[in-house]
Amino acid sequence: MELIAARPLADRAVTFELATRVGPEAAARVGAAQARLAAMLESGELPGALELSRAFCSITLHYDPLQGRQADLVARVRLALEGTPPEAREGGRLWRLPCCYEGEDLDDLAARLELTREEIVTRHAANEHHVYAIGFLPGLPFMGELPEGFSVPRRTSPRTRVPQGSVAIANGLTVIYPFESPGGWHIVGRCPVPLFEAERAAPALLEAGDRVRFDPVSMKEFGRIEAALAQGTIDPASFAETAQ
Amino acid sequence: MNARLLLLRAGARSLLQDTGFRGGRGIGVPAAGALDGDALYLLNRLLGNASDAAAIEVALVAPKLRAEDGPARLALGPGLSGQVSGDNPRKVSAWTAFTLHPGETVALTLDAGCPVALIGIGGEIDLPMSLRSRSTLPRAGLGPLGRRLEDGDVLPLQGSARDPGDLTFAAPPRAETGPLRAVPGPQIEWFTDAAHETFFGGEYGVSVETDRMGMRLEGPRLTHSERGADIVSDGIAPGAIQVPGSGQPIVLLADAQTTGGYPKIATVIGADLSRLAQLAPGDRLRFSAVSVEEAETAARARRAALDRIAEAVIPANAGRIDLRALWQVNLVGGAVDALRPDHFPHHSEPEDRP
Chain A
1 MELIAARPLA
11 DRAVTFELAT
21 RVGPEAAARV
31 GAAQARLAAM
41 LESGELPGAL
51 ELSRAFCSIT
61 LHYDPLQGRQ
71 ADLVARVRLA
81 LEGTPPEARE
91 GGRLWRLPCC
101 YEGEDLDDLA
111 ARLELTREEI
121 VTRHAANEHH
131 VYAIGFLPGL
141 PFMGELPEGF
151 SVPRRTSPRT
161 RVPQGSVAIA
171 NGLTVIYPFE
181 SPGGWHIVGR
191 CPVPLFEAER
201 AAPALLEAGD
211 RVRFDPVSMK
221 EFGRIEAALA
231 QGTIDPASFA
241 ETAQ
Chain B
245 MNARLLLLRA
255 GARSLLQDTG
265 FRGGRGIGVP
275 AAGALDGDAL
285 YLLNRLLGNA
295 SDAAAIEVAL
305 VAPKLRAEDG
315 PARLALGPGL
325 SGQVSGDNPR
335 KVSAWTAFTL
345 HPGETVALTL
355 DAGCPVALIG
365 IGGEIDLPMS
375 LRSRSTLPRA
385 GLGPLGRRLE
395 DGDVLPLQGS
405 ARDPGDLTFA
415 APPRAETGPL
425 RAVPGPQIEW
435 FTDAAHETFF
445 GGEYGVSVET
455 DRMGMRLEGP
465 RLTHSERGAD
475 IVSDGIAPGA
485 IQVPGSGQPI
495 VLLADAQTTG
505 GYPKIATVIG
515 ADLSRLAQLA
525 PGDRLRFSAV
535 SVEEAETAAR
545 ARRAALDRIA
555 EAVIPANAGR
565 IDLRALWQVN
575 LVGGAVDALR
585 PDHFPHHSEP
595 EDRP
């Protein structure tokens with residue numbers, strides 16, 4: 001694949017731009033590049049490189065200027081990407097996350113989208129959501145695409161407090177808030193599964209490249225799952241389907 | 245028994261910080277770590293620590309600490325001074341490593357106008373790591389305590405038993421002046437040529453809206469090109485300067501989110517990042533443009549300069565009579581020149597000290 005641009009963040013990092021428009025095609029390109037660069041990082045082919053972070057259309061490589069040079073890293077990455085086909089292997093885990101579709105913005109969305117609440121829930125839950133990137137907050141997944149006809153901009157006035165676990169949509173994407181946070185997206189439901197737990201060896205539940213389906217649950221069932229997770233009788237990892 | 249450091253007073257915003265989390269950017273965890281990385285490096289060198297050992301970063305109100313069960317070796321970064329109370333009351337100043345004996349208390353003071361400062365801790369804090377770090381990110385519950393330090397917290401220490409006396413650098417670093425160096429980009433094309441001239445020619449003031457995530461600047465407005473003030477969110481590193489629609493720049497710091505949707509006009513080079521930690525609301529600053537290669541050369545030069553400082557360590561408080569040392573050495577029978585405390589910089593601490 002072609003490297004559109006290498007954009008420096010001074011002597012700390014460099015962003016490799018791989019696509020220009022958010023969507024499944026960009027996600028596939030970024031996924032393929034991520035896999036290639038992660039393998040190079042692992043095998044020491046990127047001198048001075050520290051870690052990678054993935055966004056919708058780009059990958060940022062953080063490096064130590066005492067251990068490597070950006071010009072050298074860019075040359076190595078450019079060469080490696082030339083030999084990397086722009087589609088990701090169908091990898092990543094499939095998660096089935098419970099979602100109580102009682103979000104405070106459902107009525108407002110129904111009016112905007114000219115759909116019923118039930119139609120929104122049915123179509124959102126029938127969709128397979130691809131995790132494009134983790135960001136904004138630790139463990140927060142940005143997922144696409146939303147079904148046809150679901151496109152809404154962000155709320156004009158962001159909420160100062162969006163509850164932890166809120167499942168929200170905007171700009172053709174779905175997110176789940178891992179923590180209570182200010183936020184401007186439209187809340188459709190709540191997911192009881194903790195997405196970020198500092199004490200776990202891998203603190204974030206989801207990774208870019210994973211897929212998510214939401215299983216609608218009642219308020220009562222939500223409460224039961226939330227309590228079981230809190231007591232440790234359900235392992236959050238058990239919401240991933242076992243390897244194909 | 246291993247020493248413990250008790251926070252009699254935690255201070256207003258005291259956090260354990262080291263060189264930051266590793267491997268977290270891909271899951272939305274920022275770098276975090278001490279804002280003044282140069283001071284952290286020097287304090288750890290002064291203490292004989294690993295260079296990435298954790299320190300306490302304080303802001304607004306400095307803590308009051310007591311050593312318990314054993315001696316604690318501490319070092320004060322720029323902006324801090326302290327008064328030790330106990331059977332050997334004494335003052336300690338910035339860039340000094342000293343031993344706080346069990347039962348002794350040090351009350352620290354942060355200089356007016358100094359936004360943050362570091363307390364280096366000898367040896368290692370015996371608390372668990374996450375993401376290969378003992379840094380703290382309260383909003384994600386990350387860190388040995390997962391929150392800022394509170395009154396009554398106790399930090400268990402390991403491996404700080406040796407007491408080489410009070411030490412300081414022969415030539416501690418001096419505050420630098422002159423423009424902050426920054427590399428244009430990553431989103432050069434999102435700004436007009438005039439905006440670049442304004443940014444690298446104008447003077448900016450530090451706003452009160454400044455925290456560990458970012459520093460808002462106030463000054464000449466920066467105009468976006470026809471591409472506008474939105475980008476597809478991409479990666480951020482500390483030092484990146486994003487410009488939202490208001491045209492007023494924000495310098496992103498250690499705790500900034502990992503990706504952002506505003507164009508970034510320039511990025512402060514690594515060698516000048518620590519200078520940002522010393523800026524307080526109302527301070528004025530300018531930027532000068534350098535290339536990536538110049539930034540990398542500056543990074544190596546900075547490390548070499550820090551190493552030169554770290555290699556010249558001398559006894560602190562030369563000329564002051566060290567009552568504790570006198571008491572120990574004279575009673576043992578050695579005749580010493582009490583006006584030359586460097587006669588006994590390496591006296592050992594008796595095991596049975598009260």
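Which chain is which? The protein sequence lines are A and B, in order.
Sequence positions in the first sequence follow our numbering and run 1 to 244.
Sequence positions in the second sequence follow our numbering and run 245 to 598.
The beta carbon of each residue, even a glycine, is placed where N, CA and C say it ideally should be.
Predicted model only: the values in this text are computed from it and were never measured.
**Asked** How would you write the range of the beta strand (DSSP E) that residue 511 of chain B sits in, first residue to last?
**Response** By 1-based counting over the second sequence, the position of residue 511 of chain B is 267. From DSSP, the beta strand (DSSP E) with residue 511 of chain B extends over 508-512.
**Request:** For residue 131 of chain A, return the contacting residues in chain B, with the cut-off set at a CB-CB distance below 8 Å.
**Result:** Here residue 131 of chain A is taken as the residue at index 131 of the first sequence, counted from 1. Within chain B, no residue comes near residue 131 of chain A; the closest Cβ sits about 11 Å away, beyond 8 Å.
**Message:** Taking 7 Å as the threshold (C-beta atoms), are residue 259 of chain B and residue 454 of chain B in contact?
**Reply:** Translated into the one-based positions of the second sequence, residue 454 of chain B becomes position 210. Translated into the one-based positions of the second sequence, residue 259 of chain B becomes position 15. At a Cβ-Cβ threshold of 7 Å, residue 454 of chain B and residue 259 of chain B do not count as neighbours.
**Request:** Kindly say whether residue 273 of chain B, judged by its beta-carbon, lies nearer than 7 Å to any beta-carbon of chain A.
**Result:** Mapped onto the second sequence, residue 273 of chain B falls at position 29. Answer yes: the Cβ-Cβ gap between residue 273 of chain B and chain A drops below 7 Å somewhere.
**Request:** For the beta strand (DSSP E) containing residue 468 of chain B, list its first residue and its last residue.
**Result:** Position 224 of the second sequence, counting from 1, holds the residue named residue 468 of chain B. No beta strand (DSSP E) contains residue 468 of chain B, which DSSP labels as neither H nor E.
**Asked** Does any C-beta atom of chain B lie closer than 7 Å to the C-beta of residue 134 of chain A?
**Response** For the purposes of this step, residue 134 of chain A is identified with residue 134 of the first sequence, where counting begins at 1. At a cut-off of 7 Å, the C-beta of residue 134 of chain A has a neighbouring C-beta in chain B.
**Message:** Can you confirm whether the region 131-147 of chain A touches the region 267-284 of chain B when touching is taken to mean that 3 or more C-beta pairs between the two stretches lie within less than 8 Å?
**Reply:** Short answer: they touch.
**Message:** With the cut-off set at 7 Å, would you say residue 217 of chain A and residue 98 of chain A are in Cβ contact?
**Reply:** As a working mapping, residue 217 of chain A is identified with position 217 in the first sequence. As a working mapping, residue 98 of chain A is identified with position 98 in the first sequence. If you check the CB distance, residue 217 of chain A and residue 98 of chain A come in under 7 Å.
**Asked** What is the C-beta distance between residue 539 of chain B and residue 513 of chain B, in whole angstroms, given that I count them as a contact (C-beta under 8 Å)?
**Response** On the second sequence, residue 539 of chain B is found 295 positions in, with the first residue counted as 1. On the second sequence, residue 513 of chain B is found 269 positions in, with the first residue counted as 1. Beta-carbon to beta-carbon, residue 539 of chain B and residue 513 of chain B are separated by about 4 Å, close enough to satisfy the 8 Å threshold.
**Request:** Report yes or no: is there a C-beta of chain B within less than 7 Å of the C-beta of residue 57 of chain A?
**Result:** Translated into the one-based positions of the first sequence, residue 57 of chain A becomes position 57. Yes, residue 57 of chain A lies at the interface with chain B (some Cβ there is under 7 Å from its Cβ).
**Asked** What residues from chain B crowd round residue 140 of chain A, counting only those whose CB sits closer than 8 Å?
**Response** For this step, residue 140 of chain A is matched to residue 140 along the first sequence. Under the 8 Å cutoff, chain B gives 272.
**Asked** At least one CB of chain A closer than 7 Å to the CB of residue 540 of chain B: is that the case?
**Response** Position 296 of the second sequence, counted from the start, is the residue given in the question as residue 540 of chain B. Cβ-Cβ to chain A under 7 Å: yes for residue 540 of chain B.
**Message:** Taking beta-carbon pairs under 8 Å, can you tell me which members of the region 44-71 of chain A lie near chain B?
**Reply:** Look at the region 44-71 of chain A: the residues with a C-beta under 8 Å from a C-beta of chain B are 50, 51, 52, 53, 54, 55, 56, 57, 58, 59, 60, 62, 65, 66, 69, 70, 71.
**Item:** Collapsed DSSP secondary structure at residue 281 of chain B in the structure displayed
**Value:** Within the second sequence, the letter at position 37 stands for residue 281 of chain B. In the structure shown, residue 281 of chain B sits in a helix (DSSP, three-state: H, G or I).
**Message:** Against residue 179 of chain A, what residues of chain B qualify as contacts under a CB-to-CB distance less than 8 Å, listed in chain order?
**Reply:** Position 179 of the first sequence, counting from 1, holds the residue named residue 179 of chain A. Under a criterion of Cβ atoms nearer than 8 Å, the residues of chain B adjacent to residue 179 of chain A are, in order, 383, 384.
**Message:** Please list, in chain order, the chain A residues whose beta carbon lies closer than 8 Å to that of residue 423 of chain B.
**Reply:** Sequence index remark: in the second sequence, residue 423 of chain B carries index 179 (1-based). In chain order: nothing, as chain A lies at least about 14 Å away.
**Prompt:** Distance, Cα to Cα, residue 294 of chain B vs residue 288 of chain B?
**Reply:** Position 50 of the second sequence, counted from the start, is the residue given in the question as residue 294 of chain B. Position 44 of the second sequence, counted from the start, is the residue given in the question as residue 288 of chain B. Taking the Cα positions, residue 294 of chain B is about 6 Å away from residue 288 of chain B.
**Prompt:** For residue 26 of chain A, which three-state DSSP category applies?
**Reply:** For the purposes of this step, residue 26 of chain A is taken as residue 26 along the first sequence, with counting starting at 1. Three-state result, residue 26 of chain A: helix.
**Request:** Measuring only between beta-carbons, confirm whether residue 547 of chain B sits less than 7 Å from chain A.
**Result:** The count along the second sequence starts at 1 and reaches residue 547 of chain B at position 303. Output row for residue 547 of chain B: interface = yes.
**Asked** What does residue 454 of chain B reach in chain A if we use C-beta pairs closer than 8 Å?
**Response** Residue mapping note: residue 454 of chain B aligns to position 210 of the second sequence, counting from 1. In chain A, no part has a C-beta under 8 Å from the C-beta of residue 454 of chain B; the shortest such distance is about 18 Å.
**Prompt:** Taking Cβ-Cβ distances shorter than 7 Å, what residues in chain A pair up with residue 513 of chain B?
**Reply:** Stepping through the second sequence from its first residue, residue 513 of chain B is reached at position 269. For a Cβ distance threshold of 7 Å, residue set 10, 11 of chain A lies close to residue 513 of chain B, ordered along the chain.
**Request:** Give the DSSP-derived three-state secondary structure of residue 152 of chain A in the structure shown.
**Result:** As a first step, residue 152 of chain A must be located in the first sequence, where it is residue number 152. In this structure, residue 152 of chain A counts as coil in the three-state DSSP scheme.
**Asked** At a Cβ threshold of 7 Å, is residue 478 of chain B touching chain A?
**Response** Reading the second sequence from its first residue, position 234 is the one you call residue 478 of chain B. Answer yes: the Cβ-Cβ gap between residue 478 of chain B and chain A drops below 7 Å somewhere.
**Contact the region 522-533 of chain B vs the region 67-87 of chain A: 3+ CB pairs below 8 Å** = Flag = no, the region 522-533 of chain B and the region 67-87 of chain A do not touch.
**Message:** Taking contact to mean 3 or more Cβ pairs, one atom from each stretch, closer than 8 Å, check whether the region 294-312 of chain B and the region 352-364 of chain B are in contact.
**Reply:** Enough Cβ pairs lie closer than 8 Å, so yes.
**Asked** Whole beta strand (DSSP E) runs in the region 164-188 of chain A with 3 or more residues, listed along the chain?
**Response** Those beta strand (DSSP E) runs which fall completely within the region 164-188 of chain A and span 3+ residues are 166-170, 173-176, 181-183.
**Request:** Using a threshold of 7 Å, state whether the C-beta atoms of residue 106 of chain A and residue 188 of chain A are closer than that.
**Result:** As a working note, residue 106 of chain A is residue 106 in the first sequence. As a working note, residue 188 of chain A is residue 188 in the first sequence. Cβ atoms of residue 106 of chain A and residue 188 of chain A: closer than 7 Å.
**Request:** Whole angstroms is fine: what's the gap from residue 71 of chain A's alpha carbon to residue 549 of chain B's?
**Result:** On the first sequence, residue 71 of chain A is found 71 positions in, with the first residue counted as 1. On the second sequence, residue 549 of chain B is found 305 positions in, with the first residue counted as 1. So the alpha carbons of these two residues sit roughly 24 Å apart.
**Request:** Identify whether residue 98 of chain A lies in helix, strand or coil by the three-state DSSP scheme.
**Result:** Sequence index remark: in the first sequence, residue 98 of chain A carries index 98 (1-based). Strand, per DSSP.
**Prompt:** Does residue 503 of chain B have its Cβ less than 7 Å from a Cβ in chain A?
**Reply:** If you number the second sequence from 1, residue 503 of chain B lands on position 259. Yes, contact with chain A.
**Test: residue 391 of chain B CB closer than 7 Å to a CB of chain A** = Locating residue 391 of chain B in the second sequence gives position 147, counting from the first residue. Answer no: the Cβ-Cβ gap between residue 391 of chain B and chain A never drops below 7 Å.
**Request:** Would you kindly work out how many angstroms separate the C-alpha atoms of residue 574 of chain B and residue 409 of chain B, rounded to a whole number?
**Result:** Stepping through the second sequence from its first residue, residue 574 of chain B is reached at position 330. Stepping through the second sequence from its first residue, residue 409 of chain B is reached at position 165. Because the pLDDT of residue 574 of chain B is 47, which lies under 50, any placement of that residue in the model is unreliable, and the number read from its coordinates should be weighed accordingly. Taking the straight line joining both Cα atoms gives about 16 Å.
**Message:** Beta-carbon within less than 6 Å of residue 103 of chain A's beta-carbon, same chain only, minus the 5 sequence neighbours each way: which residues are those?
**Reply:** In the first sequence, residue 103 of chain A corresponds to position 103, counting from 1. Closer than 6 Å at the Cβ level, and outside the excluded window around residue 103 of chain A, lie 187, 188, 189.
**Asked** What does residue 266 of chain B touch in chain A if you count any residue whose Cβ is under 9 Å from its own?
**Response** For this step, residue 266 of chain B is matched to residue 22 along the second sequence. The answer, in chain order, is 50, 51.
**Prompt:** What are the boundary residues of the beta strand (DSSP E) that includes residue 558 of chain B?
**Reply:** As a position in the second sequence, residue 558 of chain B is number 314, starting the count at 1. 557-559 is the span of the beta strand (DSSP E), which, as asked, contains residue 558 of chain B.
**Request:** Answer yes or no: do residue 316 of chain B and residue 254 of chain B have a C-beta to C-beta separation smaller than 7 Å?
**Result:** If you number the second sequence from 1, residue 316 of chain B lands on position 72. If you number the second sequence from 1, residue 254 of chain B lands on position 10. Between residue 316 of chain B and residue 254 of chain B, the gap from beta carbon to beta carbon reaches 7 Å or more.
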